[in-house]
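J.: Attaching a single structure in structure tokens format; questions to follow.
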Amino acid sequence: MSHFDTSGLPSAQDALASDGIDVVRLGYADLLGVDRGRDVLVNRFARSVGGGVAFCRSVYTTTPLGGVVDFEGGLSAGLPDIVAFPDVSTLQAVPWEPGVAHCIADLFNPDGTPSQESPRHVLRQLVEQFKQLGLSPIVGPELEFYVMEQDAAAPNGWRRYGESTGNVYTTGRKGDPENTLIESLRLLGDYGLEVFAANHEFSSGQYEINMWHSEALDAADRAHRFKDAVKELARRSGRMATFMPKPFNDEGGSGFHLHFSLVDDAGGSLFADPGVEDGLSELARHAIGGILAHAPAIAAIANPTINSYKRFGPDTLAPWLIDWGLDNRSAMLRVPPERGGSTRLELRLGDASANAYLAIAGLLAGALLGIRNKIEPPAALVGYGYDPERSEMLPQSLDAALDALEADKEIGDLLGTPFTTAFLAYKRDEIARFRSAVTDWEFREYATHL
Ligand code: GLU
Ligand code: MG
2 MSHFDTSGLP
12 SAQDALASDG
22 IDVVRLGYAD
32 LLGVDRGRDV
42 LVNRFARSVG
52 GGVAFCRSVY
62 TTTPLGGVVD
72 FEGGLSAGLP
82 DIVAFPDVST
92 LQAVPWEPGV
102 AHCIADLFNP
112 DGTPSQESPR
122 HVLRQLVEQF
132 KQLGLSPIVG
142 PELEFYVMEQ
152 DAAAPNGWRR
162 YGESTGNVYT
172 TGRKGDPENT
182 LIESLRLLGD
192 YGLEVFAANH
202 EFSSGQYEIN
212 MWHSEALDAA
222 DRAHRFKDAV
232 KELARRSGRM
242 ATFMPKPFND
252 EGGSGFHLHF
262 SLVDDAGGSL
272 FADPGVEDGL
282 SELARHAIGG
292 ILAHAPAIAA
302 IANPTINSYK
312 RFGPDTLAPW
322 LIDWGLDNRS
332 AMLRVPPERG
342 GSTRLELRLG
352 DASANAYLAI
362 AGLLAGALLG
372 IRNKIEPPAA
382 LVGYGYDPER
392 SEMLPQSLDA
402 ALDALEADKE
412 IGDLLGTPFT
422 TAFLAYKRDE
432 IARFRSAVTD
442 WEFREYATHL
């Protein structure tokens, strides 16, 4: 007897088979945002996924180096199961893997209750709270990344692909010698990601592909798939695409900007008010107020690595201070100039390493608290956004951001206590490991003269 509604599975299996699909790649995001899962043969699909596909619950807190960090209900509880059940509405053929379709799974405990640590669950709960207020969050994700190629002589064995300077906003072979970006754009488009444009970003070897906006959970599903797909496409030609926030000392970081608005049940924008000078509704102002008020805690999940805090800084195009401004790219939160139905906020806080579900959940949690508590934002920044006399600073380390998340009970409640405690345990382990690791910097700084 399954805990799940399996009625849609036989027809999904038939439809897949008649579309020439013989493997379903069932996937879900762990806390890092890595797509974990299993390849399932289509001719056994309904039967093999009907009761949910079991995984060890500690998959949530497996480190990039393969360590298993304990959290409540994990290692010390005897490594119990979670089960993945497919959301068949997300089935999507993978254009570069003939015969394969990807399907996003939801995660449950073995008794059929939702697994509270699941990032997709965390986001869905937040969207539900907006729905109860008659509001639908709309999100447009913008991700930047670097592409590298192998080079035994380069530090860490990788050099930036297409190394050259000044290629911001260029297209074609000047900053992309093998014309890989246009191929990726087409394939990602065919993968249902609603991508629409691509270009070279500011730094050498750095690119951006833009995605259309949609309802928050769908936008997170697409951004999650996007990151996995971009990395997978690069692997096909022996390259590495990385969403690491600040991989190089001499070039800028990679952001994960989120465009955000709220619409009513009829789809009308609720952020525009043509009757006021800045054209922003009270709802938009309160959303801004909440995001700014809770920014240190949101940073913990939007900037979730030790490396994330090296992206922040003056004159970086990334933020440094907790501020907002009208069409101001030096602010943490920019309000793009379009109004009417396109009125939206652009949160520039997050970096590309963030788990897509969690980055969006953090944004929504801040906005919801602003709306609930009618938080008025400070005056909008005008001009240069990197003057520390003018605004409070963002946390300057992962450590400080995690402390802010732990101290912010309102954000913690909206993300859910089981998730927040697991996330804090996982990330504090990362800090402890980093603290005891000897870095390249220390060797260069000390070895010769000391
Ligand atoms: N790379 C910058 C960041 O880390 C953003 C550049 C841009 O404005 O697109 O956020
Ligand atoms: Mg950009």
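Position in the sequence shown (from 1) plus 1 gives the number in my numbering. For each residue, glycine too, the CB sits at the ideal point set by N, CA and C. Computed from a predicted structure; not experimentally measured.
Return the chain-ordered ranges of every beta strand (DSSP E) run that is complete within the segment 7 to 79 and spans a minimum of 3 residues.
T.: 24 to 30, 36 to 42, 54 to 57
J.: Compute the minimum distance between the beta carbon of residue 407 and the heavy atoms of ligand 2, and state whether it is under 6 Å.
T.: no
J.: On the three-state DSSP scale, how would you describe residue 157?
T.: helix
J.: With DSSP as the reference, identify every bridge partner of residue 442, one or two as the case may be.
T.: Partner(s): none; residue 442 has no beta bridge.
J.: If we call anything under 7 Å between Cβ atoms a contact, is residue 260 one with residue 347?
T.: yes
J.: Would you tell me roughly how many angstroms separate the C-alpha atoms of residue 147 and residue 3, rounded to the nearest one?
T.: A straight line joining the alpha-carbon of residue 147 with that of residue 3 spans about 44 Å.
J.: For the candidate residues 8, 391, 313, 264, whose alpha-carbon lies nearest to that of residue 326?
T.: 391
J.: Could I get the ranges of all uninterrupted alpha helix (DSSP H) runs contained in the segment 277 to 324, with 4 residues as the minimum, in chain order?
T.: As far as the segment 277 to 324 is concerned, its whole alpha helix (DSSP H) runs of at least 4 residues are 283 to 294, 296 to 303.
J.: Buried or exposed, going by whether 16 or more other CB atoms sit within 10 Å of the CB of residue 93?
T.: buried
J.: Tell me whether residue 346, by its Cβ, gets closer than 6 Å to a heavy atom of ligand 1.
T.: no
J.: I need the DSSP call for residue 128, collapsed to helix, strand or coil.
T.: helix
J.: Where does residue 380 sit, in a helix, a strand or coil, going by DSSP?
T.: Residue 380 falls in the coil class under three-state DSSP.
J.: Confirm, please, whether the CB-CB distance from residue 341 to residue 273 is below 7 Å.
T.: yes
J.: If I measure Cβ to Cβ from residue 23 and keep anything under 6 Å in the same chain, skipping five residues before and after, which residues do I get?
T.: Counting only Cβ-Cβ distances below 6 Å, and skipping sequence neighbours, we find 43, 100.
J.: Give the DSSP-derived three-state secondary structure of residue 94 in the structure shown.
T.: strand
J.: For the alpha helix (DSSP H) containing residue 363, name the first residue and the last one.
T.: 357 to 373
J.: Helix, strand or coil for residue 209? Go by DSSP, reduced to three states.
T.: Residue state, collapsed to three classes: strand.
J.: Tell me which same chain residues have a C-beta within less than 8 Å of the C-beta of residue 296, skipping the five on either side of it?
T.: 323, 333, 350, 367, 395
J.: What's the call for residue 445, buried or exposed, on a 16-neighbour Cβ count within 10 Å?
T.: exposed
J.: Could you please give the first and the last residue of the uninterrupted alpha helix (DSSP H) stretch that includes residue 166?
T.: Premise fails: residue 166 is in no alpha helix (DSSP H) and is neither H nor E.
J.: Using a Cβ-Cβ cut-off of 6 Å (strictly less than) and excluding sequence neighbours within five positions of residue 232, which residues of its own chain qualify?
T.: 242
J.: Starting from the C-beta of residue 451, find all residues in its chain whose C-beta is less than 8 Å away, skip the five residues before and the five after it, and write them out in chain order.
T.: none
J.: Under 7 Å, CB to any heavy atom of ligand 2. Which residues pass, going along the chain?
T.: 143, 145, 202, 209, 256, 258
J.: Can you tell me whether residue 64 is buried or exposed? The criterion is at least 16 other CB atoms within 10 Å of its CB, across all chains shown.
T.: exposed
J.: Using beta-carbon positions only, say whether residue 84 and residue 55 come within less than 7 Å of one another.
T.: yes
J.: Can you tell me where the alpha helix (DSSP H) holding residue 145 begins and where it ends?
T.: No alpha helix (DSSP H) holds residue 145; the beta strand (DSSP E) holding it covers 137 to 151.
J.: Just to confirm my understanding: we take residue 453, look at its own chain, exclude 5 residues before and 5 after, and list those with CB closer than 7 Å. What are they?
T.: What the structure shows of the chain is the stretch from 2 to 451, and residue 453 is not part of that stretch, so it cannot be assessed.
J.: Compare the C-alpha of residue 143 against each of 103, 105, 228 and name the closest.
T.: With respect to the C-alpha of residue 143, the residue from 103, 105, 228 having the closest C-alpha is 228.
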